[in-house]
Amino acid sequence: MKRHALLPTLALTAALSVGLSGCLAGENASDTQAAADGGTQGGELNIDFATYNPLSLIIKEQGWLEEELADQDITVNWVQSAGSNKANEALRAGAIDVGSTAGSAALLARSNGSPIKAIDIYSQPEWAALVTLPDSGITSVEDLRGKSVAATRGTDPYFFLLQALEAAGVDQSEVTIENLQHADGRAALASGAVDAWSGLDPIMAAAEQDGAELFFRDIDFNSYGFLNATEDFLTEKPDIAQTVVDAYEKAREWATENPEETAAILAEVAAIDPEVAESVIIDRTNLDVDPAPGDAQRSVLEKIGPVFVETGDVQTQEQIDDALGSLFDASLVENADPASIGSGS
Numbered sequence: 003m004k005r006h007a008l009l010p011t012l013a014l015t016a017a018l019s020v021g022l023s024g025c026l027a028g029e030n031a032s033d034t035q036a037a038a039d040g041g042t043q044g045g046e047l048n049i050d051f052a053t054y055n056p057l058s059l060i061i062k063e064q065g066w067l068e069e070e071l072a073d074q075d076i077t078v079n080w081v082q083s084a085g086s087n088k089a090n091e092a093l094r095a096g097a098i099d100v101g102s103t104a105g106s107a108a109l110l111a112r113s114n115g116s117p118i119k120a121i122d123i124y125s126q127p128e129w130a131a132l133v134t135l136p137d138s139g140i141t142s143v144e145d146l147r148g149k150s151v152a153a154t155r156g157t158d159p160y161f162f163l164l165q166a167l168e169a170a171g172v173d174q175s176e177v178t179i180e181n182l183q184h185a186d187g188r189a190a191l192a193s194g195a196v197d198a199w200s201g202l203d204p205i206m207a208a209a210e211q212d213g214a215e216l217f218f219r220d221i222d223f224n225s226y227g228f229l230n231a232t233e234d235f236l237t238e239k240p241d242i243a244q245t246v247v248d249a250y251e252k253a254r255e256w257a258t259e260n261p262e263e264t265a266a267i268l269a270e271v272a273a274i275d276p277e278v279a280e281s282v283i284i285d286r287t288n289l290d291v292d293p294a295p296g297d298a299q300r301s302v303l304e305k306i307g308p309v310f311v312e313t314g315d316v317q318t319q320e321q322i323d324d325a326l327g328s329l330f331d332a333s334l335v336e337n338a339d340p341a342s343i344g345s346g347s
């Protein structure tokens, strides 16, 4: 296994933020060049990796995209997404062509006009839960009345929290929701700045190892892991998009055959204990899932969509319905050839 390409998450943060700005600055120039080359020769592929998307970590570590696209003179730029909200921001800005989000976040973005398509389902995770400290006195969702909860707006843990409150009959006005990025939410919980946190793995699993307690779990409130691409990218560079999905399906096969190695990659990138990474990958993530976006994901999102309207995150149910009718594109998965990756073809 190649380890030289991996760096701890904290060490990557500053460099990747600079790289993201660079992508924004150079986007028009690279698109112009790609168009001149017919959209398949030369230019860049700007793609994210995320600790909540294990398949992205495998593809980055193995260097498959760089190898496959080298003969087309395509430069692969990897940008880390700290959460679904950040991936959505980068997709909408054109800073990345392909990005990883929860299904709920993809629906939210599409409902509010972001021109993205879900092209692959990378996992079915139980990655969100409600977390507190042992001495908080919080043992149920009802106990959150009058309390503060950290959650990253626009991500699965945020919508997990909203669904949990609704199911328990707790009005949002009875809870103070602090909009903090996932890692900052964990830190706020540990310092006592908030009473609870709607967490996301693998950060949540690491907090659990340090003594935090998951006081409310419900896998049905978790949406799937969506790989999304901008419509411009799919139109202008369909061959590269197909290569990305081919690599994802290669990574799925590799992860299914090598769960411990997959956990080791996650542990190194996320800078977490290997045992925590194994818990995330083996116990709380189903990677062996049908990768074609469709009815299974739609049934989950149909339950989440009305919550967006109730909270004002989306203005009308019609926007939700339109997004559900246009979000999925299973064509690349249906034509995927994972054997083509690394075959020298």
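Residue numbers for the sequence shown follow the numbering used here, so the first one is 3 and each next one is one higher.
From the three backbone atoms N, C-alpha and C, an ideal C-beta is built for every residue, glycine too.
Here the structure is a predicted model, which means the values were calculated and not measured.
| Excluding the five sequence neighbours on either side, which residues of its own chain have a C-beta within less than 6 Å of the C-beta of A153, listed in chain order? | Excluding sequence neighbours, A153 sits near P159, Y160, L163, I179, S200.
| message | Short of 6 Å in beta carbon distance, which residues of its chain neighbour W80, apart from the five on each side in sequence? Order them along the chain. | response | F51, K62
| request: Answer yes if the stretch 117-127 comes into contact with the stretch 166-173, meaning at least three C-beta pairs across the two stretches below 8 Å, and no otherwise. | output: no
| request: Return helix, strand or coil for W129, following the three-state DSSP convention. | output: coil
| query | How far does the alpha helix (DSSP H) with E336 in it reach, from first residue to last? | reply | 333-336
| query | If you compare alpha carbons, which of T287, V247, A249 is closest to A265? | reply | If we check each option's Cα against that of A265, T287 comes out closest.
| task | Can you give me the start and stop residues for the beta strand (DSSP E) that Q82 sits inside? | result | 77-82
| request: Please classify V196: does DSSP put it in a helix, a strand, or coil? | output: coil
| said: If the criterion is Cβ atoms closer than 8 Å, does the pair P293 and D122 meet it? | reply: For P293 and D122, yes; Cβs fall inside 8 Å.
| said: Beta-carbon within less than 6 Å of V278's beta-carbon, same chain only, minus the 5 sequence neighbours each way: which residues are those? | reply: A207, A208, Q211
| Under 8 Å, do G213 and P136 count as touching if we go by C-beta distance? | Yes; because the gap between Cβ atoms is below 8 Å, this pair is in contact.
| request: Could you tell me whether the Cβ atoms of A325 and L109 are closer together than 8 Å? | output: yes
| Between which two residues does the alpha helix (DSSP H) harbouring N87 extend? | 86-95
| Ends of the alpha helix (DSSP H) at S113? | It spans 105-113 - the alpha helix (DSSP H) in which S113 sits, taken as one unbroken run.
| In this structure, what does DSSP give as the bridge partners for G227? | For G227, the beta-bridge partners assigned by DSSP are A104, S125.
| request: Take G45 as the anchor and find which of L146, F217, E238 has the nearest alpha-carbon. | output: Checked all of L146, F217, E238; the closest Cα to G45 is E238.
| Under 8 Å between C-beta atoms of E91 and V78 | no
| query | Sorted by chain position, which residues of the same chain lie with C-beta nearer than 6 Å to V302's C-beta, five sequence neighbours on each side aside? | reply | For V302, where only same-chain residues beyond five positions count, the Cβ hits under 6 Å are S225.
| field | L334 classed as buried or exposed, judged by whether at least 16 other C-beta atoms fall within 10 angstroms | value | buried
| request: Kindly give me the distance between the Cβ atoms of T232 and L93, rounded to whole angstroms, as I take these residues to be in contact under 8 Å. | output: 6 Å
| message | Per DSSP, what are the beta-bridge partners of K239 in this structure? | response | None, per the DSSP bridge assignment.
| Is F330 buried or exposed, if buried means 16 or more other CB atoms sit within 10 Å of its CB? | buried
| field | Within the stretch 148-220, ranges of the beta strand (DSSP E) (whole runs, at least 3 residues) | value | 150-153, 178-181, 198-202, 215-218
| query | Roughly how many whole angstroms lie between the Cα atoms of A131 and G65? | reply | Roughly 33 Å separates the two Cα atoms.
| query | Start and end of the beta strand (DSSP E) containing F413? | reply | There is simply no residue 413 to check, as the chain begins at 3 and stops at 347 in what is shown.
| field | Given K88 as reference, the closest of E176, L229, G156 once Cα atoms are compared | value | G156
| task | May I ask you to report which of helix, strand or coil DSSP gives A120? | result | strand
| field | A72 to S125 span [Cα, whole Å] | value | 28 Å
| query | Taking Cβ to Cβ, would you say P1 is nearer than 8 Å to D203? | reply | The chain is shown from 3 up to 347; residue 1 falls before or after that span and cannot be answered.
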